[in-house]
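Structure record follows, encoded as structure tokens.
Numbering (the working numbering), first residue to last: 213 to 737.
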């Protein structure tokens, strides 16, 4: 909304936007830069300012048939700049000089001061019929100002002239202070930063000011790729207001394991998110793959989104226990999306996942997603305190797309208690399944339990489950688990350890586990 408070027609005329074409920058600016506005772009060397400004110019030409003038003041030579830009896909040499005109203003400001520079600007913008104007190196111009007031008057005069022409202006400088003199005069202030957070080098974009319009505040991740700048708004603010309703007709989504699905009263409710928690080797990945394979058997599309095992190793692992993962991958019913072990950005990962699912939304219903695991997002977080809000926003978006999600989170192998590595995950999911080891008489067993399941009946008992070449098998009752634990089991170094042998009368099912026969008692749901 315009600050002028005039009628709607004038407001609409004043709110014509220049779209940047930079991925998600226009989303942050709620439509782009305002036509005829003047904006300051500041940041240290290496933060991407020159790429940002040239990317705006080239996108403006390509998308809106604009005409751009790029003026430099004592920075690298034009030849060197163009050589660097030629490696980026957005840069089109054929735009030069008719659509994109490069000119140096340093000689005029050094010899004739601001009056000479302003005259050069007026003449060039009129002759080139410019709709977008960049001055790169404003800190050099400031050096020739006789006082801060003179510099402010120059910026104000430039603003009045370019606004009259309807030409949008970007002032680029190495200034890092938000209180700098020009920032009080311009219509908007955008900062690019480049800093070290621990061992990581992190680029970020922050909009400090944007007159006459709302915008997304705070820091947003920035990457420089072969396509130029790519900006990733914070997931929790990008999706701060998700739709209030999802698909009403919910169905059960099973794991394809009869007794586990019975414990879940038929399976997980569609559109829900489930946390699958356990130490390394407890079977989390295989249970998640079983969830995807069962969906594929029913013709439902599934996506694996993981951080540790590449697709060939994942297929081999599944086939070893009788899960025909490769068959459904070849049929296109299951997609394997693997993130190589590189430095990732948390919001970039979320965008990649959500945009993939959104592209499939109209074509495929009742979709399944297996995220292996939450610690991959946690490791990609520059600011760990963002993780709770991030997970809440991400899981909300998955629900709104009617995606049934299973997400693993890994417990430490050696710890005295069952402490969740991401406690926030348990709060934002509907269901929690816990996998753990039990040690008894020099043997290791696995136990499974449902710790939480909102708005649904479920079996609260512990169940033993086995993983072998014959597949994944969940015990048909709680009796074997109860027998294993009857030796006063307790958690020790990541495992439940039974110190004493089972009491008399309770050894039957355990003897069965060990291959001797017998039976034990039990309790109901």
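Just so you know, even glycine gets a beta-carbon here, dropped at the ideal spot from N, CA and C.
Considering residue i, what are the terminal residues of the beta strand (DSSP E) in which it resides?
i	result
residue 336	No beta strand (DSSP E) holds residue 336; the alpha helix (DSSP H) holding it covers 318–340.
residue 506	Taken as a continuous stretch (DSSP letters only), residue 506 belongs to no beta strand (DSSP E), being part of the alpha helix (DSSP H) at 496–509.
residue 516	514–518
residue 570	Premise fails: residue 570 lies in the alpha helix (DSSP H), 558–572, not in any beta strand (DSSP E).
residue 404	400–409
residue 418	412–422
residue 472	Where residue 472 is concerned, there is no enclosing beta strand (DSSP E), although the alpha helix (DSSP H) it sits in stretches over 470–475.
residue 441	440–444
Check the DSSP bridge columns for residue i and list the partner residues they point to.
i	result
residue 481	464
residue 655	652
residue 643	486 and 665
residue 579	615
residue 673	None; residue 673 has no bridge partner.
residue 252	383 and 401
residue 283	315 and 347
residue 533	BP columns for residue 533 are empty, so no partner.
residue 679	684
residue 622	490
residue 179	Outside the displayed span of the chain (213 to 737) sits residue 179, for which this structure offers no information.
Ignore the nearest five residues each way along the sequence and tell me which others in residue i's own chain have a CB closer than 7 Å to its CB.
i	result
residue 322	356
residue 414	407 and 594
residue 494	647, 648, 649 and 658
residue 249	380, 399 and 400
residue 573	613
residue 239	445
residue 588	519 and 551
So, at 6 Å on beta carbons, what are the nonlocal neighbours of residue i in its own chain, with the 5 sequence-adjacent residues on each side left out?
i	result
residue 328	320
residue 268	232
residue 687	675 and 676
residue 581	515, 615 and 617
residue 236	443 and 445
residue 352	285 and 286
residue 665	643
residue 425	242
residue 367	394 and 397
residue 158	This structure gives no information on residue 158, because the portion of the chain shown stretches from 213 to 737.
residue 530	501 and 537
residue 472	686
residue 421	400 and 401
Report all residues from its chain with a CB closer than 8 Å to the CB of residue i; omit the five preceding and five following residues, and keep chain order.
i	result
residue 532	681
residue 541	523, 527, 547 and 548
residue 468	502, 503, 505, 506 and 509
residue 348	261, 262, 265, 282, 283, 284, 285, 287 and 384
residue 474	671
May I ask which residues mark the beginning and end of the alpha helix (DSSP H) holding residue i?
i	result
residue 354	350–354
residue 373	360–377
residue 587	586–592
residue 242	Run containing residue 242: none; DSSP gives neither H nor E here.
residue 433	From DSSP, residue 433 is part of no alpha helix (DSSP H) but of the beta strand (DSSP E) over 431–437.
residue 234	Run containing residue 234: none; DSSP gives neither H nor E here.
residue 547	From DSSP, residue 547 is part of no alpha helix (DSSP H) but of the beta strand (DSSP E) over 546–550.
residue 449	447–450
residue 684	Careful: residue 684 lies outside any alpha helix (DSSP H), inside the beta strand (DSSP E) at 683–686.
residue 425	Taken as a continuous stretch (DSSP letters only), residue 425 belongs to no alpha helix (DSSP H), as it is neither H nor E.
residue 291	290–297
residue 262	261–276
So residue i and residue j are in contact, right, with Cβ under 8 Å, and what is the actual spacing, rounded?
i	j	result
residue 300	residue 439	7 Å
residue 247	residue 380	6 Å
residue 315	residue 283	5 Å
residue 585	residue 559	With a Cβ gap of about 18 Å, residue 585 and residue 559 do not count as contacting.
residue 683	residue 534	4 Å
residue 448	residue 602	6 Å
residue 417	residue 402	7 Å
residue 753	residue 270	Given that the chain is displayed from residue 213 to residue 737, the structure contains no residue 753 and the question cannot be resolved.
So, does the CB of residue i fall closer than 7 Å to a CB anywhere in chain B?
i	result
residue 507	Among the protein chains of the structure shown there is no chain B, as only one such chain exists.
Would you check if the stretch 417–431 and the stretch 288–307 touch, i.e. whether three or more CB-CB distances between them fall below 8 Å?
no
Would you call the stretch 573–593 and the stretch 516–535 touching, i.e. three or more CB-CB distances under 8 Å?
yes
Below 8 Å, can you find three or more Cβ-Cβ pairs linking the stretch 489–497 to the stretch 643–653?
yes
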